[in-house]
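J.:
Numbering (this note's numbering), first residue to last: 162 to 484.
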């Protein structure tokens, strides 16, 4: 078995003890071996099967050999650069380094001129991108507000165009549909001067979000597959709700979160060993009174701190929302 690190001097506050990290890791391996994940998309299922996973094509159930999981973890780079369109904005992540990006995605904005609450537009996104590009405290940008005034079927491409024309930092984006994802990569490659240049200096980070509990849909497996083929950094980010889509206990939620992220990591590393990965979460509790996801809840910070420890345990750079 691989030896993972218990060094936690990077953290000012540790939620998990060393034995907790080991227990969550072991429980995750047992879950992925014995129960597995529901993963959609025949191409992805074929890739898993070819690597030695037990795949049930009728139920889309994938069970993972633990040696494959550990090998995928070890294949992830401990550090890598999130490249900016302007190299002065390159951001090295991993180890004890800390970088910041904006939160998202807002659908309403308080108009700075009329002071009215309204739906966000593509122009709002252009403005926010320029604002964050000028902020020293913002190292990487993700979609802060949605372009609510464009055709929804291609909205993610409008958002990509708005940001790429107003940003010189690394741009993290997740899209709906494999065609839109490929077009987004095409846009970034055109900026960089070709696909080889984009692979050398990837100015975009791709996002893929599993569906809690324990599911990765076809859109996300397609994004992981395509991104890994182009060697692009992938932020695999679980957004479970404690007591809603994941167990009510922090420990149980961490096991589910870990399994979902590792399931995506395995796919990426099978396709392109050594592909840069961000181990991500924006997990919080479900408000039992309103059924909403309160990102300001103390439990959100606890989940984020715990996932930060797990990422450090595995030696994978992390992306934690809401901290």
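Glycine is no exception: its CB is placed at the ideal position from the N, C-alpha and C atoms.
These numbers were taken from a predicted model, which means no experiment stands behind them.
Residues in the same chain with beta-carbon distance under 6 Å from residue 239, minus the five sequence neighbours each way, listed in chain order, please.
T.: If we look at residue 239 and ignore the five residues flanking it on each side, its Cβ neighbours are 255 and 476.
J.: Rounded to whole angstroms, what is the Cα-Cα separation between residue 422 and residue 275?
T.: One C-alpha to the other measures close to 43 Å.
J.: In whole angstroms, what separates the C-alpha of residue 201 from that of residue 384?
T.: Each residue's Cα considered, the two are about 12 Å apart.
J.: To the nearest angstrom, how far is the alpha carbon of residue 265 from that of residue 330?
T.: Each residue's Cα considered, the two are about 17 Å apart.
J.: So is residue 298 buried or exposed if we call it buried at 16+ other beta carbons inside 10 Å?
T.: The residue in question, residue 298, is exposed, as its Cβ has fewer than 16 Cβ neighbours within 10 Å.
J.: Can you list, in chain order, the residues of its chain whose CB lies under 6 Å from that of residue 324, leaving out five sequence neighbours each side?
T.: Correct list, in chain order: 290 and 332.
J.: Give the DSSP-derived three-state secondary structure of residue 241 in the structure shown.
T.: Correct three-state label for residue 241: strand.
J.: Can you give the Cα-Cα distance for residue 162 and residue 183, rounded to whole angstroms?
T.: Below a pLDDT of 50, predicted positions are generally treated as unreliable, and residue 162, at 42, falls in that range; no measurement from the model is reported.
J.: Assign residue 218 to one of three DSSP states: helix, strand, or coil.
T.: Residue 218: coil per DSSP, three-state reduction.
J.: Alpha carbon to alpha carbon, what distance is there between residue 438 and residue 339?
T.: For residue 339 and residue 438, the distance between alpha carbons rounds to 19 Å.
J.: What does a CB cutoff of less than 6 Å around residue 307 pick up in its chain, not counting 5 residues either side in sequence?
T.: Taken in chain order, the residues that qualify are 266, 268 and 281.
J.: Could you tell me which residues DSSP pairs with residue 279 in its beta bridges?
T.: DSSP lists 270 as partners of residue 279.
J.: Tell me the rounded alpha-carbon separation between residue 328 and residue 246.
T.: Each residue's alpha carbon lies about 8 Å from the other.
J.: Just the C-alpha distance for residue 355 and residue 234, rounded to the nearest angstrom, thanks.
T.: When rounded, the distance between both Cα atoms is 30 Å.
J.: Measuring CA to CA, which of 341, 300 and 322 is closest to residue 314?
T.: The candidate whose alpha carbon is nearest that of residue 314 is 341.
J.: Could you give the first and the last residue of the continuous alpha helix (DSSP H) run that contains residue 461?
T.: Residues 459 to 475.
J.: If I measure Cβ to Cβ from residue 218 and keep anything under 7 Å in the same chain, skipping five residues before and after, which residues do I get?
T.: 206.
J.: Is the beta carbon of residue 417 less than 7 Å from the beta carbon of residue 444?
T.: No, Cβ-Cβ distance for residue 417 and residue 444 is not below 7 Å.
J.: Which residues bound the alpha helix (DSSP H) around residue 428?
T.: Residues 411 to 432.
J.: My output table needs one value for residue 162: the three-state DSSP class, helix, strand or coil.
T.: Note that residue 162 has pLDDT 42, beneath the 50 cutoff, so the model's placement of it is unreliable and no number is given.
J.: Just to check my reading of the structure: residue 193 and residue 420 have Cβ atoms closer than 8 Å, yes? What is that Cβ distance to the nearest angstrom?
T.: Contact flag correct, Cβ pair sits at about 5 Å.
J.: Rounded to the nearest angstrom, what separates residue 319 and residue 283 at their Cα positions?
T.: Near 7 Å, if we compare the C-alpha coordinates of residue 283 and residue 319.
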